[in-house]
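There are 2 protein chains.
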Amino acid sequence: MPGSSPRAGDRPDDSLIAADRTLRQFSGYTMKRAFHVIQSDLNAALAPLGLRMLSFSALVVVVDNPGLRQSQLAEVLAIERPNLVLVIDELERAGLICRNPSPDDRRAYALDPTEEGRALCGTAIHAVQEHEDRVARALAEPERQALIAALLRIETPEEGETSDG
Amino acid sequence: MPGSSPRAGDRPDDSLIAADRTLRQFSGYTMKRAFHVIQSDLNAALAPLGLRMLSFSALVVVVDNPGLRQSQLAEVLAIERPNLVLVIDELERAGLICRNPSPDDRRAYALDPTEEGRALCGTAIHAVQEHEDRVARALAEPERQALIAALLRIETPEEGETSDG
DNA sequence: AAACTTAGTTATACCTTATAACCATTATGG
DNA sequence: CCATAATGGTTATAAGGTATAACTAAGTTT
Chain A
61 MPGSSPRAGD RPDDSLIAAD RTLRQFSGYT MKRAFHVIQS DLNAALAPLG LRMLSFSALV
121 VVVDNPGLRQ SQLAEVLAIE RPNLVLVIDE LERAGLICRN PSPDDRRAYA LDPTEEGRAL
181 CGTAIHAVQE HEDRVARALA EPERQALIAA LLRIETPEEG ETSDG
Chain B
61 MPGSSPRAGD RPDDSLIAAD RTLRQFSGYT MKRAFHVIQS DLNAALAPLG LRMLSFSALV
121 VVVDNPGLRQ SQLAEVLAIE RPNLVLVIDE LERAGLICRN PSPDDRRAYA LDPTEEGRAL
181 CGTAIHAVQE HEDRVARALA EPERQALIAA LLRIETPEEG ETSDG
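Residue numbers (the working numbering), protein chains in the order written: chain A, 61 to 225; chain B, 61 to 225.
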């Protein structure tokens with residue numbers, strides 16, 4: 061058990077270092093904590109550029125896929141359409157992307173990056189890469205790649221990739 | 061680049077499957093998506109018990125460390141003290157834990173699980189374990205353990221564990 | 001042409017996290 | 001010993017992320 065004495069409140073704080081031992085066996089708990097650390101660091105890295113994790117992601121996908129529609133972007137980012145609206149508003153107000161009329165469909169917008177958007181996107185990717193380098197310092201490179209691969213498989217379970225089960 | 065034709069909006073949706081290729085190289089993005097999947101599944105598993113990820117975590121730590129104080133619990137769970145108050149309220153109202161007066165300090169509460177709390181905690185751990193088994197089906201067991209180890213190191217970077225850099 | 005669907009939007013609600021400020025109590029230090 | 005500081009718990013508040021229903025305008029189907 062976590063500590064030896066019966067009442068945790070009486071023990072010095074040191075004896076609580078493994079107080080979440082039971083939870084640590086669950087990937088969800090550990091992932092939540094790791095993600096929180098990463099997200100904070102990432103947002104801090106992006107804040108000087110006026111971006112957050114979400115707006116950064118949206119910007120990158122628009123730069124890589126100019127002309128795509130909002131619903132497509134929402135699907136790519138795996139977020140709901142209504143939640144994308146404010147993100148696009150924000151990027152548009154910042155002059156990084158613009159909503160152009162779609163030639164095919166008068167309901168839809170074709171999202172395109174501006175020159176500024178492309179430029180800031182490059183800067184932001186460098187900032188995020190520096191953050192990623194901090195992750196890489198905690199892990200050996202093959203380990204980092206294995207981590208990403210494992211996360212990907214959790215997100216999209218493929219048949220045939222299972223273990224001994 | 062993601063697609064071949066210049067305008068993403070004109071291409072079939074299939075050509076957008078790798079539209080987030082740039083982002084995928086960053087662990088933060090992939091972790092966010094994987095965590096979202098895990099968290100949804102986990103919360104769905106806990107909802108029938110009247111628990112969420114956070115209240116479950118708090119309950120488990122209280123059961124494992126009876127008598128600890130709220131501030132200690134907050135530190136163990138790495139959340140701010142004010143944010144714990146409602147969680148404790150919720151668990152107390154559900155009759156799973158209770159705030160007992162601390163013998164040492166009249167300001168503090170000693171958190172203790174009730175019998176019901178202990179029982180539900182066991183049930184909940186089983187439910188979460190079943191969820192974890194779903195993760196385990198996507199990964200080989202050594203891979204799952206490597207994942208948890210990697211996440212832990214991201215959360216708490218230790219010196220000397222670095223790669224080639 | 002009527003009915004259905006889709007693109008984008010608005011409004012709303014809930015959860016999580018963060019901060020400042022407060023009260024009661026305990027600890028510190030002249 | 002009393003003034004000051006620090007701590008435990010609380011309240012209020014704000015911001016971010018996510019989810020759903022409902023609306024409009026435009027496109028699609030039959």
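Quick reminder that beta carbons are idealized off the backbone N, C-alpha and C, glycines included.
Beta-bridge pairing of A:D172 - partner residues as DSSP gives them:
One-based indexing of the first sequence puts residue 172 of chain A at position 112. BP columns for A:D172 point to A:C158.
Taking its Cβ as the centre, do 16 or more other Cβ atoms sit within 10 Å of A:R167, making it buried, or is it exposed?
Within the first sequence, numbered from 1, the residue matching residue 167 of chain A stands at position 107. Flag for A:R167 reads exposed.
Less than 8 angstroms between C-beta atoms, sequence neighbours within five positions excluded: which residues of the same chain meet that for B:S223?
Along the second sequence, one-based indexing puts residue 223 of chain B at 163. Because the pLDDT at B:S223 is just 45, under 50, the model does not fix this residue reliably, and the value given afterwards should be weighed accordingly. Answer for B:S223: no residue qualifies.
Assuming A:L83 and B:Q132 form a contact by the criterion Cβ under 8 angstroms, report the distance between their Cβ atoms to the nearest whole angstrom.
Here residue 83 of chain A corresponds to residue number 23 of the first sequence, with the count starting at 1. Here residue 132 of chain B corresponds to residue number 72 of the second sequence, with the count starting at 1. So it is not a contact: roughly 15 angstroms between Cβ atoms.
CB contact check: A:T183 to chain B, cutoff 7 angstroms
Taking the first sequence and counting its residues from 1, one reaches residue 183 of chain A at position 123. Using a Cβ-Cβ cut-off of 7 angstroms, A:T183 does not count as an interface residue toward chain B, since no Cβ of chain B sits closer than that to its own.
In chain order, which beta strand (DSSP E) runs of at least 3 residues are fully inside the segment 177 to 213 of chain A?
DSSP runs (the beta strand (DSSP E)) wholly in the segment 177 to 213 of chain A: none.
Return helix, strand or coil for A:L111, following the three-state DSSP convention.
Position 51 of the first sequence holds residue 111 of chain A. In the structure shown, the three-state DSSP call for A:L111 is coil.
Near B:L125, which residues of its chain fall below 6 angstroms by C-beta distance, leaving aside the five closest residues on each side in sequence?
For the purposes of this step, residue 125 of chain B is identified with residue 65 of the second sequence, where counting begins at 1. For the sequence presented, residue 125 of chain B should be read as Asn rather than Leu. In the same chain as B:N125, and ignoring 5 residues on each side of it, no C-beta atom comes closer than 6 angstroms to its own.
Going along chain B, which residues have a C-beta under 9 angstroms from A:L119?
By one-based count along the first sequence, residue 119 of chain A stands at place 59. The premise fails here: A:L119 is roughly 10 angstroms from chain B at the closest Cβ pair, so nothing lies under 9 angstroms.
What residues in the segment 94 to 111 of chain A bring their beta carbon closer than 8 angstroms to a beta carbon of chain B?
Going along the segment 94 to 111 of chain A in chain order, one finds A94, F95, H96, V97, I98, Q99, L102 with a Cβ nearer than 8 angstroms to chain B.
With the cut-off set at 7 angstroms, would you say A:A198 and B:I214 are in Cβ contact?
The count along the first sequence starts at 1 and reaches residue 198 of chain A at position 138. The count along the second sequence starts at 1 and reaches residue 214 of chain B at position 154. It is a contact, given that the beta carbons lie within the stated cut-off.
Hey, out of B:V145, B:I139, B:L156, B:R81, whose CA is closest to B:V120's CA?
Residue mapping note: residue 120 of chain B aligns to position 60 of the second sequence, counting from 1. Nearest C-alpha to B:V120: B:L156.
If B:Y169 and B:R129 are in contact, beta carbons under 8 angstroms, what's the gap, nearest whole angstrom?
Here the question's residue 169 of chain B lines up with position 109 in the second sequence. Here the question's residue 129 of chain B lines up with position 69 in the second sequence. Confirmed, Cβ separation roughly 6 angstroms.
Contact criterion: CB-CB distance below 7 angstroms. Does B:S87 meet it with respect to chain A?
In the second sequence, the residue the question calls residue 87 of chain B occupies position 27. B:S87 counts as touching chain A.
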